[in-house]
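Comments concern the structure below.
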Amino acid sequence: MTGTTETTPGELPKTYRPADFEGAIYERWVTADVFAPDGTGSTADPELPPFVVIQPPPNITGSLHLGHAQRSSVEDLVVRHARMLGRPTLFLPGLDHASIAAQFVLDRILAGEGESRATLGRERYLERMREFVDQTRPIMLGQQRRVGASLDWSRLRFTMDEGSAVAVREAFTRLYRAGLAYRTEALIHWCPGCRTSVSDLEVIPTPEVGNLWTIRYHLLDEETGEPLEGEWIDVATTRPETILGDTAVAVHPDDARYRGLVGRRVRIPFVERDVEIIADAVVDPAFGTGAVKITPAHDADDYATGRRHGLAFVNVLDDDATINAAGDGFAGLDRYDARRAILDALETRGDLVSAVPHEMLVGRCDRSNDVVEPRLKTQWFIRVGPLAERALDATRSGRTRIIPGRFEKEWEHWLTNIHDWNVSRQLWWGHRIPAWYCPDGHVTVTAAADGPTACEACGRPATELVQDTDIFDTWFSSGLWPFSTLGWPADTEDLRRYYPTSVMETGYDILFFWVARMMMLGLQLTDREPFRTVYLSGLIRDPLGRKMSKTKGNSVDPLETIDEFGADALRFAVIDGTTAGNDLRLSREKIEKGRNFANKLWNAARFVRGARPVSIPADARRESPLASDLGPAERWLRSRVAATTAAADRAIADFAFGELTRILYEAIWSEYCDSALELAKVRLGSDDATPAEKAATWWTLVEALDTYLRLLHPVMPFVTEAIWASLPHAASDPELLVVARWPGVGEGDAAAEREVEAVLGLVRGIRNARTEAGFDPRVQLRVDVALPVGLGPTFEALRPAVERLARARPLERRLTREALGAARAPGSLTVLAGPIEAVVSAPTLDGGTARVERTRLERELAEAERLLATARARLANDAFVSKAPEPIVAGARAREAELADQVARIRDRLEG
RNA sequence: GGGCGGUUAGCUCAGAUGGUUAGAGCGCAUGCUUGACAUGCAUGAGGUCAGAGGUUCAAGUCCUCUACCGCCCACCA
Numbered sequence: 014m015t016g017t018t019e020t021t022p023g024e025l026p027k028t029y030r031p032a033d034f035e036g037a038i039y040e041r042w043v044t045a046d047v048f049a050p051d052g053t054g055s056t057a058d059p060e061l062p063p064f065v066v067i068q069p070p071p072n073i074t075g076s077l078h079l080g081h082a083q084r085s086s087v088e089d090l091v092v093r094h095a096r097m098l099g100r101p102t103l104f105l106p107g108l109d110h111a112s113i114a115a116q117f118v119l120d121r122i123l124a125g126e127g128e129s130r131a132t133l134g135r136e137r138y139l140e141r142m143r144e145f146v147d148q149t150r151p152i153m154l155g156q157q158r159r160v161g162a163s164l165d166w167s168r169l170r171f172t173m174d175e176g177s178a179v180a181v182r183e184a185f186t187r188l189y190r191a192g193l194a195y196r197t198e199a200l201i202h203w204c205p206g207c208r209t210s211v212s213d214l215e216v217i218p219t220p221e222v223g224n225l226w227t228i229r230y231h232l233l234d235e236e237t238g239e240p241l242e243g244e245w246i247d248v249a250t251t252r253p254e255t256i257l258g259d260t261a262v263a264v265h266p267d268d269a270r271y272r273g274l275v276g277r278r279v280r281i282p283f284v285e286r287d288v289e290i291i292a293d294a295v296v297d298p299a300f301g302t303g304a305v306k307i308t309p310a311h312d313a314d315d316y317a318t319g320r321r322h323g324l325a326f327v328n329v330l331d332d333d334a335t336i337n338a339a340g341d342g343f344a345g346l347d348r349y350d351a352r353r354a355i356l357d358a359l360e361t362r363g364d365l366v367s368a369v370p371h372e373m374l375v376g377r378c379d380r381s382n383d384v385v386e387p388r389l390k391t392q393w394f395i396r397v398g399p400l401a402e403r404a405l406d407a408t409r410s411g412r413t414r415i416i417p418g419r420f421e422k423e424w425e426h427w428l429t430n431i432h433d434w435n436v437s438r439q440l441w442w443g444h445r446i447p448a449w450y451c452p453d454g455h456v457t458v459t460a461a462a463d464g465p466t467a468c469e470a471c472g473r474p475a476t477e478l479v480q481d482t483d484i485f486d487t488w489f490s491s492g493l494w495p496f497s498t499l500g501w502p503a504d505t506e507d508l509r510r511y512y513p514t515s516v517m518e519t520g521y522d523i524l525f526f527w528v529a530r531m532m533m534l535g536l537q538l539t540d541r542e543p544f545r546t547v548y549l550s551g552l553i554r555d556p557l558g559r560k561m562s563k564t565k566g567n568s569v570d571p572l573e574t575i576d577e578f579g580a581d582a583l584r585f586a587v588i589d590g591t592t593a594g595n596d597l598r599l600s601r602e603k604i605e606k607g608r609n610f611a612n613k614l615w616n617a618a619r620f621v622r623g624a625r626p627v628s629i630p631a632d633a634r635r636e637s638p639l640a641s642d643l644g645p646a647e648r649w650l651r652s653r654v655a656a657t658t659a660a661a662d663r664a665i666a667d668f669a670f671g672e673l674t675r676i677l678y679e680a681i682w683s684e685y686c687d688s689a690l691e692l693a694k695v696r697l698g699s700d701d702a703t704p705a706e707k708a709a710t711w712w713t714l715v716e717a718l719d720t721y722l723r724l725l726h727p728v729m730p731f732v733t734e735a736i737w738a739s740l741p742h743a744a745s746d747p748e749l750l751v752v753a754r755w756p757g758v759g760e761g762d763a764a765a766e767r768e769v770e771a772v773l774g775l776v777r778g779i780r781n782a783r784t785e786a787g788f789d790p791r792v793q794l795r796v797d798v799a800l801p802v803g804l805g806p807t808f809e810a811l812r813p814a815v816e817r818l819a820r821a822r823p824l825e826r827r828l829t830r831e832a833l834g835a836a837r838a839p840g841s842l843t844v845l846a847g848p849i850e851a852v853v854s855a856p857t858l859d860g861g862t863a864r865v866e867r868t869r870l871e872r873e874l875a876e877a878e879r880l881l882a883t884a885r886a887r888l889a890n891d892a893f894v895s896k897a898p899e900p901i902v903a904g905a906r907a908r909e910a911e912l913a914d915q916v917a918r919i920r921d922r923l924e925g
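Under my numbering, the first residue of the first sequence is numbered 14, with each subsequent residue one higher.
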């Protein structure tokens with residue numbers, strides 16, 4: 014697309030109503046096919062390196078929340094910026110099947126219908142899940158469009174699609190062949206509510222006050238092997254029901270109290286099992302009684318102890334956390350009912366010694382909040398040690414950078430202390446583990462879609478093999494996301510061209526869940542770091558700092574916000590004032606700020622359009638004004654635009670997006686609207702300016718606005734696109750801003766900036782004096798001005814503007830301060846605006862004005878003297894003068910001279 | 001028990017490599033129907049940068065300690 018069309022700039026309605034145009038603009042982008050790196054509307058330079066962001070796939074469980082809106086906004090920002098730089102840019106959309114989260118949601122829905130997993134059975138349950146997902150998918154994709162995410166919809170992926178299935182099977186098979194996936198019976202975390210094992214990360218240690226019960230185990234008579242009434246050992250436990258699985262009692266080897274008991278045996282009550290008292294350094298003699306009951310099948314510590322001492326492992330829990338047959342008389346009871354029953358029974362026997370309240374951490378399921386039970390189970394694990402090494406190397410070497418950098422410490426710590434990853438889940442919605450077992454216990458793992466043809470070990474035919482009923486942890490397929498989405502394991506063109514990806518943006522809360530896994534699996538399977546930069550966003554919180562959640566009722570629906578304020582306002586709100594990795598309290602006020610900013614820009618554009626000089630036709634092609642027709646205000650504006658562009662470039666390079674919006678807000682509102690447009694109004698309406706000069710003024714306004722729209726587009730794409738369409742464009746411009754070029758940095762003009770800002774300072778000074786003296790804001794004031802050498806031409810050029818902005822007429826210019834002194838009359842006001850000095854004549858001469866003037870000058874004098882004293886003290890310090898760098902010292906001297914001059918001038922006025 | 005972050009205006013937050021007088025928005029005060037905008041304009045008030053030491057010519061910024069708040073990791077039954 015070359016932009017040679019003769020488009021007449023469109024209209025800009027009087028009122029900014031984002032709902033009127035945002036949807037239409039998104040449709041235009043899609044229709045023009047600008048989001049695909051190779052789309053027909055793309056203006057990308059194929060020679061430039063591609064820029065790739067694979068979207069973190071939101072869970073397909075219902076709807077997007079504000080956190081998603083923020084993520085999408087940040088991702089879209091970097092993507093749109095790269096696209097405007099002309100890089101082939103891929104922003105790939107996706108959805109995550111979120112197995113456990115999705116089952117949790119569906120189970121609740123089913124419960125409302127009187128159904129359950131059990132009543133439906135696997136096949137019908139999965140059917141229901143596919144129906145559910147088919148319902149939520151379009152809702153979620155629609156939400157992404159509303160936010161304005163410039164995703165390449167032709168590449169939409171799902172973690173349960175065929176491509177992901179192939180990748181999952183292939184990845185697992187390769188890990189298995191490399192000895193990095195293994196199956197073993199081990200202690201895992203079991204969530205009775207979800208009826209599945211969960212990983213370490215999904216167990217949330219939750220503080221609770223429970224009880225520490227002390228229980229008496231009777232020693233056995235060494236002769237008869239029968240329990241002795243008078244000899245015992247007291248053990249402490251917080252989970253009495255685990256007594257049923259005890260297979261030893263342990264004491265510390267150096268504990269004198271128990272030295273004689275090591276090697277003796279005790280009888281475990283109820284199950285009537287005789288176990289040995291062992292010595293192990295894991296026991297803390299200072300805690301409880303110093304003796305610990307050992308339940309190797311239901312406690313991580315005890316499991317390790319059991320391994321060391323070759324103890325028996327007795328599993329006493331069923332999947333639903335009821336006591337199983339091993340629990341003898343308590344079989345069938347729920348774990349907590351069993352606990353009470355056991356305590357009652359112990360009390361009856363006289364073996365319950367004490368019960369004291371005890372603060373402890375209880376592991377709860379991240380998803381269901383149920384208390385998780387450690388339990389023995391045969392599962393698949395990923396051996397992460399070697400993978401973690403490579404992930405660490407990626408960040409240590411700088412090949413992958415984490416922003417903000419402080420998270421690299423957590424990354425280091427987690428990856429160096431990582432345990433093997435349990436990937437088996439006893440759920441239904443997910444990728445089934447591609448492992449088949451033969452009656453002889455052999456294992457066959459294959460990536461083949463139809464499964465193995467025969468047992469790898471003994472050759473038994475496929476018909477005799479049974480596939481593992483478990484599925485993978487949802488994060489296993491997510492971990493392949495950066496490359497499974499590009500076609501891996503096939504050697505596709507996409508993979509060659511777009512992998513490794515550029516930026517991975519996500520919340521810091523899933524750094525380990527997801528980013529670390531992608532890094533480990535990516536390095537192992539593709540031999541490349543899957544991304545160059547990890548950008549971690551903070552979490553969105555409510556105005557009180559709480560995490561947003563539907564159950565708390567404090568969550569905000571992004572669509573409602575967009576309906577009311579527009580997507581641009583929301584995008585601005587979640588980016589402005591944020592820093593990487595820091596949480597954001599999102600309030601209505603913040604979104605209003607974004608909406609107001611968009612409205613301001615809208616109205617500024619309306620003004621510019623309406624201010625077009627008659628000499629310029631409505632459908633004129635963009636022109637660059639001649640330098641000779643520019644006045645100081647125009648040179649100042651062009652210089653400020655250049656400075657803003659440079660600052661915006663730097664902010665984006667630093668991933669400092671909060672800084673980016675601050676810079677643009679300031680430039681557009683405070684400089685462009687408050688000053689540039691006000692100065693331009695005067696020149697455009699002046700009888701003295703030539704048509705060429707007026708045209709130059711207008712083109713300068715258009716040029717500046719055009720640049721600001723480009724700079725702001727990645728943050729607020731809709732309003733900038735809408736306004737841009739209403740402005741004249743250059744022949745080289747495309748039709749849509751979304752694929753227009755990012756601005757280059759123009760030339761600065763330090764003199765123009767200095768001089769115009771001095772004159773603007775004079776305006777502010779006069780306004781200030783007027784307000785303080787309580788003069789009627791409407792009345793014209795007579796102002797006499799003394800200027801420093803060199804400021805004359807700029808002052809003359811801007812004189813009409815000053816007269817209008819400060820309501821100062823006549824505005825007389827006297828070259829010397831002496832001449833100015835002569836203009837002073839009783840009751841007049843003195844204004845010191847940097848290098849400019851002015852005398853404002855009071856419209857009415859009275860004592861009140863004089864008093865106000867005197868108070869004001871005295872206050873200014875005190876302040877100036879204080880600053881001067883500080884400046885002098887600094888320069889009087891030899892150490893400063895000799896050690897500080899030359900420019901700093903020179904600056905300090907200039908500062909001192911300026912302050913001294915100011916003090917002298919104020920004194921002069923006060924005394925005169 | 002380790003580790004990390006936060007503490008800056010009434011509120012929410014910015015403050016690259018230490019360097020003139022620490023900024024913004026909201027809120028507050030006063031005044032404005034100035035021909036783009038009351039979703040606005042003008043002017044102003046408001047901060048011993050959590051506390052205590054230290055390094056330095058110079059500290060909101062670097063170091064140490066302390067106090068609150070929050071987070072991550074961790075096998076005390």
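Cβ atoms here follow ideal geometry from the backbone N, Cα and C, with glycine treated the same way.
All values reported here derive from a predicted model rather than from experimental measurement.
Of the choices the options, whose alpha-carbon is the least far from that of residue i?
| i | options | result |
| --- | --- | --- |
| proline 727 | Arg509, Gly778, Phe544 and Thr674 | Thr674 |
| aspartate 453 | Arg473, Trp441, Pro387 and Pro465 | Arg473 |
| glycine 761 | Met173, Leu650 and Leu750 | Leu650 |
| threonine 975 | Asp406, Val296, Glu60 and Ile122 | With the chain represented from 14 up to 925, any question about residue 975 goes unanswered, as that position is not in the structure. |
| proline 387 | Arg403, Ala325, Thr308 and Asp364 | Thr308 |
| arginine 396 | Arg187, Glu360 and Ala838 | Arg187 |
| serine 210 | Ala269, Phe394 and Ser85 | Phe394 |
| arginine 137 | Trp441, Trp166, Ser410 and Asp331 | Trp441 |
| serine 683 | Leu773, Trp488 and Ala32 | Leu773 |
Could you spell out where the beta strand (DSSP E) holding residue i opens and where it closes?
| i | result |
| --- | --- |
| threonine 843 | 842–846 |
| lysine 306 | 304–307 |
| asparagine 567 | Unbroken run through asparagine 567: none, as it is neither H nor E. |
Considering only residues of the same chain and omitting the five flanking positions on each side of residue i, which have a CB-CB separation below 6 Å?
| i | result |
| --- | --- |
| glutamate 175 | none |
| threonine 391 | Glu198 |
| methionine 173 | His110 |
Determine whether the beta carbon atoms of residue i and residue j lie at a separation below 8 Å.
| i | j | result |
| --- | --- | --- |
| leucine 79 | methionine 561 | yes |
| alanine 292 | valine 248 | no |
| arginine 608 | proline 556 | no |
| valine 47 | serine 515 | no |
| alanine 680 | arginine 653 | yes |
| isoleucine 431 | aspartate 483 | no |
| tryptophan 737 | leucine 725 | no |
| lysine 306 | valine 275 | no |
| leucine 359 | arginine 348 | no |
| isoleucine 73 | alanine 32 | no |
For the alpha helix (DSSP H) containing residue i, name the first residue and the last one.
| i | result |
| --- | --- |
| lysine 390 | Looking at the DSSP string, lysine 390 is not in any alpha helix (DSSP H); the run it does join, the beta strand (DSSP E), is 386–395. |
| glycine 520 | Unbroken run through glycine 520 is the beta strand (DSSP E), 514–520; no alpha helix (DSSP H). |
Report all residues from its chain with a CB closer than 7 Å to the CB of residue i; omit the five preceding and five following residues, and keep chain order.
| i | result |
| --- | --- |
| phenylalanine 300 | none |
| aspartate 596 | Gly551, Leu552 and Arg554 |
* Asked: Does the segment 524–533 come close enough to the segment 488–508 to have 3 or more Cβ pairs within less than 8 Å?
  -> yes
* Asked: How do the segment 612–630 and the segment 729–743 stand: do at least 3 beta-carbon pairs fall below 8 Å, yes or no?
  -> yes
* Per the contact definition of three or more C-beta pairs closer than 8 Å, is the segment 372–379 in contact with the segment 276–292? -> no
* Asked: Looking at C-beta atoms only, is the number of pairs between the segment 195–213 and the segment 379–386 that lie closer than 8 Å three or more?
  -> yes
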